Structures are given as structure tokens and as C-alpha cells.
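J.: Let me begin by handing over the structure; questions about it come next.
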Amino acid sequence: MRPSARRRALGLCLSLTAAGCLKIPAEGSEAPTEVLDRATIESVEVWPGKGAGELYAVGETRTFILRRGDAVIGRSWGRYDGPTDDATPLHRFTTRVELRFEGREPLRSAGSIVLDDRGRLIRGDEQAGPTRLRFSRDGDDLVITDGRQTETLKAGPETAYMAFAAIFHEELMLGLRPLRTGSVEWRLVSLSGSLPVDWAADIELEGAAAEGQAPRAHLETSLGEDITFAGGRILAIDVADEGLSIRPGSEPWPEWELTPPRELAYAPSAHATFTRRDVDLPGRAEEPKLAGEVLIPAAARKGPRPAVLFLSGNGRQDRYGFAGPPPVDLGAHAITDALAEAGFVVLRFDERGEGQSGEGPRSWALQLEDARRALRTLLVQEEVDPDRIAVVGHGEGGWRALELSREGRGVIAVALLATPGRRYRELLDEQAKADIDALPPELQERARAEHKRLVAALERGDKLPPELADEGEWARGLLKVDPEGLIAGTEASLWIAQGDRDFEVDPDRDPTTLQAYARKHSKRAKVRRFPGLDHLFKHEPATSTPTRYLDPDGPRVVDPGFLEALSGWLVEATQGGKGKSAKKTPAKR
């Protein structure tokens with residue numbers, strides 16, 4: 046299964062973007078304002094636009110209060126830090142955002158952008174929780190990276206930039222540009238990882254400005270906002286659909302700082318006895334490059350050894366089990382290292398678009414084909430005994446392991462680590478219910494309807510929104526997987542391992558279901574349950590959640606007892622070669 050912290054946080058964030066409320070009365074005089082007809086105001090200047098260094102005094106802070114109804118749900122700060130030390134004049138602006146939900150820890154983000162006089166983004170960064178994006182300009186392109194993946198977006202002179210809930214960025218966007226009544230539009234690039242959009246607004250004057258005062262205008266935007274703007278400042282934002290109102294406030298700059306993202310790096314133990322060899326996984330011309338490495342145990346010097354292929358369930362991790370953003374250590378390196386120390390030749394590889402592997406489309410079928418490429422590569426290594434091949438699959442990687450063994454590829458043992466026993470639709474509905482129940486009550490009904498709509502679209506094969514297309518192809522394939530059919534078709538010995546703190550599969554129902562299928566079809570199977578371990582087979586003293594995968598209390602390791610049990614079973618299961626796997630006995634604990 047896939048760690049879903051980012052997706053859940055994004056869902057909460059999206060629930061805020063469609064909100065809004067009342068228009069505020071004009072400040073100052075109670076006298077009625079003059080109403081101008083459309084023809085009169087077609088060409089009226091609202092704001093002349095200013096350079097990045099002219100909009101604010103150095104150190105000036107802007108604070109905005111976000112409310113839903115009478116409740117304050119967040120604050121958004123922005124500050125002009127002043128000119129940078131660059132040879133060409135540049136200007137630094139920083140932001141902080143804090144959103145609060147009942148019963149939850151605050152969602153916080155912090156960012157910094159450096160603009161030239163014209164307002165073009167030259168460089169910057171944006172961090173939300175443990176995820177940090179960095180930006181840099183390359184001509185008319187904006188290069189965005191999280192340290193693992195890099196994306197390049199077109200960002201010409203008219204492009205604007207905004208991080209989620211960073212109201213100061215929106216004020217900058219408007220203040221940098223000449224505004225006139227009528228319609229305006231430009232490209233808006235998200236600094237929070239969302240897709241760029243074409244932003245547009247209709248601008249109307251509220252009335253004739255009093256002498257010496259800046260014209261006050263209303264902007265009705267394509268994002269559903271009603272913005273009141275005057276003198277280069279946002280005076281109010283309302284989004285009527287959900288009762289969200291945003292007003293300037295006076296709260297000082299927050300004292301909190303975000304902890305820098307965790308840096309993940311692999312190094313074998315100083316006492317490791319195995320060696321490593323880089324390999325490419327041969328494929329067809331149209332397939333992306335896949336890179337990996339073979340772990341060679343010291344015992345291989347004496348002759349061919351049993352071998353293990355490791356398959357992740359994530360689909361977006363490198364050979365070591367590092368995924369993100371946010372950076373997550375899924376622990377695959379600990380498993381594969383332990384197997385190499387136990388005397389197995391092990392192949393681990395970078396998934397598509399991760400590590401040294403090339404980018405390519407993702408789907409269940411393509412992920413399965415990548416597993417076939419990996420197994421073919423393992424079989425031709427000179428240190429490998431082809432009659433003693435095992436596959437270890439984590440999560441849905443266990444389904445791919447079963448498929449490989451069902452295809453008659455010489456696999457005599459399959460270890461299923463936290464692998465679902467039920468069909469994916471049931472798991473999808475179960476996880477969605479848990480996520481939706483955790484949302485504010487006013488958002489739950491809409492979230493349920495959206496979940497049903499998306500699942501129906503997946504099952505029908507409907508086209509999905511671009512931001513869901515990649516996940517959709519992966520999920521469509523999973524919806525067709527029949528776990529019972531996979532077990533019925535294998536002749537391999539099975540080891541079903543499950544931690545009782547797992548929230549991604551049911552610690553009781555899923556292994557029990559797999560065991561029942563094994564008994565029904567007379568397969569050799571052993572079930573091992575590990576108290577206190579989560580989906581990653583790490584000790585979890587609290588309730589396991591996606592956030593806990595980020596190790597907020599400090600790095601956790603894969604349980605040594607689990608590693609010993611896995612290695613021991615694989616040694617036993619591969620001792621007899623193909624002859625042992627053919628013997629069938631009822632499944633047992």
C-alpha cells in the first residue's frame with residue numbers, strides 16, 4: 046500500500062479552497078457611493094502596478110485571518126525582507142501559514158521567494174510539514190525539485206506564483222501588475238506542488254474614489270473568490286460557496302519554525318559481509334531504463350546461492366525503500382541487507398522515475414512487467430542457483446510475487462509481507478471511510494460523494510482529471526486483481542507475515558483470508574503475526590498513521606526479530622530446491 050500522508054493533507058487543504066462569505070462595507074464615510082455603469086468603467090485604472098521593491102517597506106508584515114463562519118481556522122503571514130546581496134537587484138519575501146482543525150495538530154507551511162524588479166520568480170522554497178520544494182529559474186522555465194524528483198514548468202513574464210493559503214502571494218500577484226476594470230488573466234503556478242492553472246478575474250470599481258484615496262475594486266476570480274483590493278493591498282477575500290472569509294489582521298510574525306525535512310541516505314552496516322554490484326534490468330526498446338543492484342553474500346565464493354527478488358508495494362520508491370516527498374524510509378534496505386547477510390543473492394531495484402531508473406507511465410500491468418524484468422535479471426547472475434528462487438513482496442508487491450510464481454518462472458517460495466487478502470475495492474472503501482470520518486463534519490458528505498464518483502469512474506474506465514490519471518491507471522489494475530486466484534495458481538511455499546499495528550491492511554482479516562485461500566487450495570503456507578509492528582514491520586508504540594511513517598519521534602528500524610524470522614523461513618523453504626516446493630500440505634500457523 047502507499048503511504049498517504051501527502052494525499053490526506055492535500056484533501057484537507059482542498060476543502061478550504063472553495064470557501065467564502067460576505068462582502069465587507071466600505072471603510073470611512075457612511076455616505077452612499079456612486080454607482081458607475083459598465084460602459085463608464087471599461088478603461089478605468091484601478092492600480093498602476095509597482096516593482097517588487099516598491100510595494101512594501103523593508104520588514105513590513107502583512108497578516109490575514111481565515112474564518113469559516115465565526116470560527117478562526119487559520120492565519121497567513123507575509124513579509125518583505127528587503128533586497129538581497131545579488132549583483133542584480135533582487136527582493137526576498139517570506140511567508141508563514143497555519144491552519145487549524147478541531148482535534149488535529151495545526152497544518153503549517155513556510156516559504157521564501159526571491160523576485161526580480163519585474164516580479165519574476167528567480168529562486169525560492171516552500172515547506173509544508175516535512176515536505177520541501179525548491180524553485181530556480183532557467184530562462185523562461187521554472188525548475189521545481191523535492192530533492193528526489195524534478196519538474197520543469199513554463200514560467201514566462203506574465204506568470205504569477207502562489208503557495209497554498211499564502212494570501213501574501215496573492216497580494217503580490219495583484220500589486221506587481223497594472224490593473225484596469227474589465228477582464229484580466231494570466232498563468233498561475235502553484236508553489237505547493239499542484240498543477241498550474243489559468244487564473245482570470247473580472248474587475249469592477251466599487252465607486253468613485255474620494256480625493257486622495259486609492260480606487261477600491263472588486264475582483265471576481267476564476268477560483269471563486271470575491272477580492273476587495275485598493276492601493277496595492279487586499280482588503281478582503283470571500284468565497285461564498287463555503288463561508289470562508291479572509292481579512293487583514295494585526296497578529297505579529299509567528300515564533301514557530303518548521304523542522305527541516307529529513308535527509309535519507311543509505312549506507313551498509315560497517316559489519317556487512319556482502320558486496321554490491323550495479324545492474325540494469327534489460328527490457329524492450331520502448332520501456333524505460335530500470336536500474337538496480339545485486340547483493341552478493343560472502344558465501345557465494347563457494348558456489349551458486351539461493352536468490353531473492355524484493356518487490357515493493359509502493360511503486361514510487363528507490364532500491365533502498367526511500368520514498369517521498371515527504372521523505373519516508375519504508376525499510377526495504379533493512380530487509381534486503383538482512384537477506385544478503387543470511388546468504389541469499391538479492392536483487393533490489395529503483396521503481397520507474399526513482400533513483401537511477403527512467404521515467405515512464407505507471408500502471409499495475411507495467412509494474413508487473415517491471416517485476417518480470419527484475420526476475421529475468423536475477424536468474425542470469427552467475428552467483429545464483431536458478432532452482433532456488435524466492436520472491437519477497439511487500440503490500441501489493443505480494444500480489445506481483447504470486448503472479449510471477451503462478452507464471453511458472455521457477456519461484457519456489459513467496460513471502461507475503463502485509464499483503465492484502467481481500468480485493469482492492471474493499472480496502473479502498475475501508476481506507477476512504479477512515480479518512481472521511483476524520484474530516485470536519487461539514488465536509489464529510491461531499492467527500493463520500495466524491496469517493497463514490499471516483500471509484501465508479503475507475504471501474505467504468507472513465508477519463509480522470511490529469512492530477513489523478515497516474516494513480517487512476519494503477520488503481521484500475523488493482524481493482525481487477527483476485528487474491529484467491531493468485532494463491533490457487535501458485536506452487537510456491539508461502540509465508541504470510543503481518544504486524545498487528547498495520548492500518549493499511551486489516552491485521553486480522555487480510556492474513557486470515559490469505560490463509561483460508563491457501564487451505565482451500567491445499568497450498569503450503571505459514572502465517573506469522575508480529576505484535577506491536579506496523580505495516581513497515583517497525584515497532585509502533587502509538588496508533589499507526591501516515592504521519593507516523595515520517596518518524597516524528599526519531600528514526601525507527603525494521604524489527605530484528607521479524608528479519609530473523611523472514612530469513613529463517615526463506616533458508617528452510619529454499620533448501621530443497623524445486624522438489625520441496627512441489628509437496629503440498631495444509632496451511633498452518
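To convert a position in the sequence shown, counted from 1, into the numbering used here, add 45. Every residue gets a Cβ at the ideal spot worked out from N, C-alpha and C, and that includes glycine. Predicted, not measured: the structure shown is a model, and the values here were computed from it.
Is Phe607 helix, strand or coil when you go by DSSP?
T.: For the purposes of this step, residue 607 is taken as residue 562 along the sequence shown, with counting starting at 1. If DSSP states are grouped into helix, strand and coil, Phe607 belongs with the helices.
J.: Rounded to a whole number of angstroms, what is the C-alpha to C-alpha distance between Arg564 and Leu472?
T.: The count along the sequence shown starts at 1 and reaches residue 564 at position 519. The count along the sequence shown starts at 1 and reaches residue 472 at position 427. When rounded, the distance between both Cα atoms is 23 Å.
J.: Identify the continuous beta strand (DSSP E) that holds His584 and give its terminal residues.
T.: In the sequence shown, residue 584 corresponds to position 539, counting from 1. From DSSP, His584 is part of no beta strand (DSSP E); its letter is neither H nor E.
J.: Applying the criterion that 16 or more other CB atoms from any shown protein chain within 10 Å of the CB defines a buried residue, is Ala627 buried or exposed?
T.: Here the question's residue 627 lines up with position 582 in the sequence shown. With a pLDDT of only 37 at Ala627, under 50, the local geometry of the prediction cannot be trusted, and no value is derived from it.
J.: Just to confirm before moving on: does the CB-CB distance between Leu615 and Ala458 stay below 8 Å?
T.: Counting from one through the sequence shown, the residue named residue 615 turns up at place 570. Counting from one through the sequence shown, the residue named residue 458 turns up at place 413. Yes, the pair counts as a contact, with Cβ atoms nearer than the cut-off.
J.: So if DSSP puts Gly119 in a beta bridge, which residue, or which two residues, is it bridged to?
T.: For the purposes of this step, residue 119 is taken as residue 74 along the sequence shown, with counting starting at 1. In DSSP, Gly119 forms a bridge with Leu111 and Leu144.
J.: Taking only the alpha-carbon atoms, compute the straight-line gap between Arg261 and Trp92 and give it to the nearest angstrom.
T.: Position 216 of the sequence shown holds residue 261. Position 47 of the sequence shown holds residue 92. Computed Cα separation, rounded: 9 Å.
J.: How many Å lie between Arg694 and Leu462 at the Cα?
T.: Shown here, the chain extends from 46 to 634; a query on residue 694 therefore has no answer.
J.: From this set, Leu335, His316, Glu331 and Ala317, which residue's C-alpha is nearest Thr323's C-alpha?
T.: As a first step, residue 323 must be located in the sequence shown, where it is residue number 278. Just to set this straight, residue 323 is Asp in the shown sequence, not Thr. Comparing Cα-Cα distances from Asp323 to each of Leu335, His316, Glu331 and Ala317, the minimum goes to Leu335.
J.: Note the first and the last residue of the continuous beta strand (DSSP E) segment covering Trp92.
T.: Within the sequence shown, numbered from 1, the residue matching residue 92 stands at position 47. Element bounds for Trp92: Glu90 to Trp92.
J.: Taking C-beta to C-beta, are Leu144 and Ile110 nearer than 8 Å?
T.: Translated into positions along the sequence shown, residue 144 becomes position 99. Translated into positions along the sequence shown, residue 110 becomes position 65. Cβ distance not < 8 Å, so Leu144 and Ile110 don't count as in contact.
J.: Out of curiosity, what's the CA-to-CA distance linking Thr78 and Ala275?
T.: For the purposes of this step, residue 78 is taken as residue 33 along the sequence shown, with counting starting at 1. For the purposes of this step, residue 275 is taken as residue 230 along the sequence shown, with counting starting at 1. Because the pLDDT at Thr78 is just 39, under 50, the model does not fix this residue reliably, and the value given afterwards should be weighed accordingly. Approximately 15 Å between the Cα atoms of the pair.
J.: What are the boundary residues of the beta strand (DSSP E) that includes Glu196?
T.: Counting from 1 along the sequence shown, the entry for residue 196 is found at position 151. Counting along the chain, the beta strand (DSSP E) containing Glu196 begins and ends at Thr195 to Lys199.
J.: Is it buried or exposed, Ala97, if we count other Cβ atoms within 10 angstroms and call 16 or more buried?
T.: What you label residue 97 is simply residue 52 of the sequence shown in a count that begins at 1. Per the 10 Å Cβ criterion, buried.
J.: When you compare only the Cα positions, how much space is there between Val500 and Gly369?
T.: The residue given as residue 500 occupies position 455 in the sequence shown. The residue given as residue 369 occupies position 324 in the sequence shown. Computed Cα separation, rounded: 25 Å.
J.: Ignore the nearest five residues each way along the sequence and tell me which others in Leu523's own chain have a CB closer than 7 Å to its CB.
T.: Your numbering for residue 523 matches position 478 in the sequence shown. For Leu523, where only same-chain residues beyond five positions count, the Cβ hits under 7 Å are Trp409, Glu441 and Tyr469.
J.: What's the gap between the Cα of Pro293 and the Cα of Glu105?
T.: In the sequence shown, counting from the first residue as 1, residue 293 sits at position 248. In the sequence shown, counting from the first residue as 1, residue 105 sits at position 60. Taking the straight line joining both Cα atoms gives about 13 Å.
J.: Ignore the nearest five residues each way along the sequence and tell me which others in Glu475's own chain have a CB closer than 8 Å to its CB.
T.: Here residue 475 corresponds to residue number 430 of the sequence shown, with the count starting at 1. Only Asp551 meet the Cβ criterion.
J.: Would you tell me roughly how many angstroms separate the C-alpha atoms of Pro597 and Asp130, rounded to the nearest one?
T.: On the sequence shown, residue 597 is found 552 positions in, with the first residue counted as 1. On the sequence shown, residue 130 is found 85 positions in, with the first residue counted as 1. Pro597 and Asp130: Cα-Cα distance of roughly 36 Å.
J.: Could you check if Arg163 is buried or exposed, using at least 16 other CB atoms within 10 Å of its CB as the buried criterion?
T.: In the sequence shown, the residue the question calls residue 163 occupies position 118. The residue is exposed, with fewer than 16 neighbouring Cβ atoms inside 10 Å.
J.: Which runs of the beta strand (DSSP E) at least 3 residues long sit entirely within the segment 398 to 473? Give them in chain order.
T.: You should have 429 to 439 and 456 to 462.
J.: Report the residue from His439, Ala383 and Gly337 whose alpha carbon sits nearest the alpha carbon of Gly400.
T.: In the sequence shown, counting from the first residue as 1, residue 400 sits at position 355. Minimum Cα distance to Gly400 is reached at Gly337.
J.: Evaluate Tyr311 with the Cβ neighbour count: other Cβ atoms within 10 Å of its Cβ, from every protein chain shown; 16 or more gives buried, anything less gives exposed.
T.: Position 266 of the sequence shown, counting from 1, holds the residue named residue 311. Exposed, because fewer than 16 other Cβ atoms sit within 10 Å of the Cβ of Tyr311.
J.: As a quick exercise: from Ile279, Arg193 and Asp161, pick the residue whose alpha carbon is nearest that of Thr176.
T.: As a working mapping, residue 176 is identified with position 131 in the sequence shown. Looking at the Cα atoms, Arg193 is the closest of the given residues.
J.: For Asp482, count the other beta carbons within 10 Å of its own beta carbon; 16 or more makes it buried, fewer makes it exposed. Which is it?
T.: Here residue 482 corresponds to residue number 437 of the sequence shown, with the count starting at 1. Asp482 comes out exposed.
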